[in-house]
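These protein sequences, in sequence, are chains S and W. Sequential numbering of the first sequence, starting at 12, is according to our numbering. Sequential numbering of the second sequence, starting at 12, is according to our numbering. All remarks here apply to the structure that follows.
There are 2 protein chains.
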Amino acid sequence: MAIKEGLRPGGRSARVQESIHSAVRALLQEQDRATLTVPQIAARAGVTPSTIYRRWGDLPALLADVAIARMRPDGEPADTGSLRGDLRAWAEQYLDEMSSEPGRNMMRDIQACATPGHCVGIISGQLQIILDRYPDESNPGIERLINLVVAPTVFRILFATAPLEVEELYRLLDIALAQ
Amino acid sequence: MAIKEGLRPGGRSARVQESIHSAVRALLQEQDRATLTVPQIAARAGVTPSTIYRRWGDLPALLADVAIARMRPDGEPADTGSLRGDLRAWAEQYLDEMSSEPGRNMMRDIQACATPGHCVGIISGQLQIILDRYPDESNPGIERLINLVVAPTVFRILFATAPLEVEELYRLLDIALAQ
Numbered sequence: 012m013a014i015k016e017g018l019r020p021g022g023r024s025a026r027v028q029e030s031i032h033s034a035v036r037a038l039l040q041e042q043d044r045a046t047l048t049v050p051q052i053a054a055r056a057g058v059t060p061s062t063i064y065r066r067w068g069d070l071p072a073l074l075a076d077v078a079i080a081r082m083r084p085d086g087e088p089a090d091t092g093s094l095r096g097d098l099r100a101w102a103e104q105y106l107d108e109m110s111s112e113p114g115r116n117m118m119r120d121i122q123a124c125a126t127p128g129h130c131v132g133i134i135s136g137q138l139q140i141i142l143d144r145y146p147d148e149s150n151p152g153i154e155r156l157i158n159l160v161v162a163p164t165v166f167r168i169l170f171a172t173a174p175l176e177v178e179e180l181y182r183l184l185d186i187a188l189a190q
Numbered sequence: 012m013a014i015k016e017g018l019r020p021g022g023r024s025a026r027v028q029e030s031i032h033s034a035v036r037a038l039l040q041e042q043d044r045a046t047l048t049v050p051q052i053a054a055r056a057g058v059t060p061s062t063i064y065r066r067w068g069d070l071p072a073l074l075a076d077v078a079i080a081r082m083r084p085d086g087e088p089a090d091t092g093s094l095r096g097d098l099r100a101w102a103e104q105y106l107d108e109m110s111s112e113p114g115r116n117m118m119r120d121i122q123a124c125a126t127p128g129h130c131v132g133i134i135s136g137q138l139q140i141i142l143d144r145y146p147d148e149s150n151p152g153i154e155r156l157i158n159l160v161v162a163p164t165v166f167r168i169l170f171a172t173a174p175l176e177v178e179e180l181y182r183l184l185d186i187a188l189a190q
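Dropping the structure here:
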């Protein structure tokens, strides 16, 4: 999944990726995700299956990548003018997205990846953009933010009767910022 | 899953449950979990399929219940003589168990349940036993402990390249206890 970040926009690699993403999106409108296969996607995208395997490793990784790309059309986290504000805005949007049906599908796809770990890289990248905006402020670091804010958000969606309340999300963020 | 807790040990209900659990364990030794069916389990246990559906709702809930019962043979969390010590011991054991293959299977089964939320009840029950041992000490409460200690443990196993380090687990617990 981290591969995406190294692509030159508009380059050959980016065009191949976009044609594969489009093929997945089109096929998902026509059939159930459980019946999708790599050769089918390759045929629709006009590439060989090995192009897909080389780039993503397996089908769940590709599906997760498409789901992530779909959910983050604009890329940069909102800039509210303060570290706490940016993190709150990001965390609240993340909670919303992960609670949605596409978000839940994405989490399922990521877990089915051979390398689910690579996907934390995307979250880390978003958080790093925010932290880099405030170089003079002390911050809890990416790992702590993931443990204190991202993890409870995801855990509650997957395993609890109700998602995290926004108030508790804010409190967890305050705890992280106080460290 | 919460149903289990209401059973009288040794009662008819408990015996029926034990025969169903045994049937699942035996069948899992003979065949892949993906091929297990409720009628098969019912036949082996000498009950009707509707007994299973009535009690567990669906097959993943039953599999999750068996996995949980398997991983918690002794029930009571270790008593080390201090709140921090008990929570550390519990959290460390939980991290070990969830990182194991049966732990990962259990998390997969729970997510496939129609009612995954009920399963947090089991964790809450364990933590409540610990908190009840120290009624005079202030504590962060079950929800905060789940958000700050359980959630990062599970999140890292499911989505990161490596499980939580025990040092970070202890630090997260200290953060929870300081609230």
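Yeah, the Cβ is synthetic: ideal placement off N, Cα and C, and Gly gets one too. Just so you know, these numbers come straight off a predicted model, no measurement behind them.
Requested in this report: Assign Ser146 (chain W) to one of two classes, buried (16 or more other C-beta atoms within 10 Å of its C-beta) or exposed (fewer than that).
Outcome: Residue mapping note: residue 146 (chain W) aligns to position 135 of the second sequence, counting from 1. Strictly speaking, residue 146 (chain W) in this sequence is Pro, with Ser absent from that position. So Pro146 (chain W) counts as exposed.
Report task. Keeping to the same chain, check which residues put their C-beta closer than 6 Å to that of Ala70 (chain W); ignore five residues upstream and five downstream. Result -> Position 59 of the second sequence, counting from 1, holds the residue named residue 70 (chain W). It should be noted that the sequence gives Leu, not Ala, for residue 70 (chain W). Closer than 6 Å at the Cβ level, and outside the excluded window around Leu70 (chain W), lie Val49.
Query raised in the report: Got a sec: which bits of the segment 136-161 of chain S sit with their beta carbon under 9 Å from any beta carbon on chain W, in order along the chain?
Result: Glu154, Arg155, Ile157, Asn158, Leu159 and Val161
Query raised in the report: Taking the C-alpha atoms as reference points, what is the distance between Pro60 (chain W) and Trp67 (chain W)?
Result: The residue you call residue 60 (chain W) lines up with position 49 of the second sequence. The residue you call residue 67 (chain W) lines up with position 56 of the second sequence. Cα to Cα, Pro60 (chain W) sits roughly 11 Å from Trp67 (chain W).
**Report entry** Reduced DSSP category for Asp43 (chain W) - H, G, I as helix; E, B as strand; rest coil
**Finding:** As a working note, residue 43 (chain W) is residue 32 in the second sequence. Coil, per DSSP.
Requested in this report: Determine contact between the segment 138-153 of chain W and the segment 138-154 of chain S, defined as no fewer than three beta-carbon pairs at a distance below 8 Å.
Outcome: no
Query - Residue range of the alpha helix (DSSP H) that includes Asp143 (chain S) - result: On the first sequence, position 132 is the one that residue 143 (chain S) refers to. Asp143 (chain S) -> alpha helix (DSSP H) spans Val131 to Arg144.
**Report entry** Cβ of Leu73 (chain W) within 7 Å of any chain S Cβ
**Finding:** Locating residue 73 (chain W) in the second sequence gives position 62, counting from the first residue. Judged by the 7 Å Cβ criterion, Leu73 (chain W) is not in contact with chain S.
Query raised in the report: Just by C-beta distance, which residues in the segment 169-190 of chain S are closer than 8 Å to chain W?
Result: Leu169, Phe170, Ala171, Thr172, Ala173, Leu175, Glu179, Leu183, Ile186 and Gln190
Report task. Tell me, to the nearest whole angstrom, how far the beta carbon of Ala131 (chain S) is from that of Ala171 (chain W); I am working on the premise that it is less than 8 Å. Result -> The count along the first sequence starts at 1 and reaches residue 131 (chain S) at position 120. The count along the second sequence starts at 1 and reaches residue 171 (chain W) at position 160. Per the sequence shown, residue 131 (chain S) should be read as Val rather than Ala. The Cβ separation is near 5 Å, so the contact holds.
Query raised in the report: Any chance the segment 156-164 of chain W sits against the segment 156-169 of chain S, with 3 or more Cβ pairs inside 8 Å?
Result: yes
**Report entry** Proximal residues to Leu47 (chain W) (C-beta, below 8 Å), its chain only, five neighbours per side dropped
**Finding:** As a working note, residue 47 (chain W) is residue 36 in the second sequence. For Leu47 (chain W), where only same-chain residues beyond five positions count, the Cβ hits under 8 Å are Val35, Leu38, Leu39, Leu70 and Leu74.
Report task. Rounded to whole angstroms, what's the CA-CA distance from Ala102 (chain W) to Asp90 (chain W)? Just pull it up for me. Result -> Taking the second sequence and counting its residues from 1, one reaches residue 102 (chain W) at position 91. Taking the second sequence and counting its residues from 1, one reaches residue 90 (chain W) at position 79. Their Cα atoms are separated by approximately 13 Å.
Requested in this report: Taking C-beta pairs closer than 7 Å, name the residues in chain W that Ile79 (chain S) reaches, listed in chain order.
Outcome: Looking up residue 79 (chain S) in the first sequence gives position 68. Residues of chain W passing the Cβ test: none, with the nearest at roughly 12 Å.
Requested in this report: Select from S:Gln122, S:Thr62 and S:Arg44 the residue whose C-alpha is nearest the C-alpha of Glu29 (chain S).
Outcome: The count along the first sequence starts at 1 and reaches residue 29 (chain S) at position 18. Closest option to Glu29 (chain S), Cα to Cα, is S:Thr62.
Query - Whole-angstrom distance between Ile140 (chain S) and Tyr105 (chain W), CA atom to CA atom - result: Translated into positions along the second sequence, residue 105 (chain W) becomes position 94. Translated into positions along the first sequence, residue 140 (chain S) becomes position 129. Each residue's alpha carbon lies about 33 Å from the other.
Query raised in the report: Run through DSSP, which three-state label would Gln28 (chain S) get?
Result: In the first sequence, the residue the question calls residue 28 (chain S) occupies position 17. Of the three classes helix, strand and coil, the one that applies to Gln28 (chain S) here is helix, per DSSP.
Query raised in the report: Would DSSP call Gln190 (chain W) helix, strand or coil?
Result: The residue you call residue 190 (chain W) lines up with position 179 of the second sequence. In the structure shown, Gln190 (chain W) sits in coil (DSSP, three-state: anything other than H, G, I, E or B).
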